[in-house]
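Below: one structure, written as structure tokens.
Numbering (the working numbering), first residue to last: 23 to 117.
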């Protein structure tokens, strides 16, 4: 898992590339609350099953990133994948 969706600049571009190419690479959204429309961008650039919710708790209030997911201009299905289904798959947990 690549924290903070790879960070900024080239780190993010490299993370997106790796998430596309490698089956076991996932990106989390932790700590990226200051990137405008990050989730909308990543939803277009990264396969649906590769984004995981992250809060960066205890440094950030989990409600901040949770609200960003709820308000993102992405489908309800994509939100469910980010908030639940992708973690179940990545961590090989039962549904």
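We treat Cβ as the ideally placed atom computed from N, Cα and C, and that holds for glycine.
Looking at the DSSP output, residue 50 bridges to 74. Secondary-structure assignment with DSSP links residue 24 through a beta bridge to 49. Taking 8 Å as the upper bound for CB-CB distance, residue 76 and residue 111 are not in contact here, some 15 Å apart. Residue range 32-43 is occupied by the alpha helix (DSSP H) that includes residue 33.
Residue state for residue 96 is assigned as coil, using DSSP reduced to three classes.
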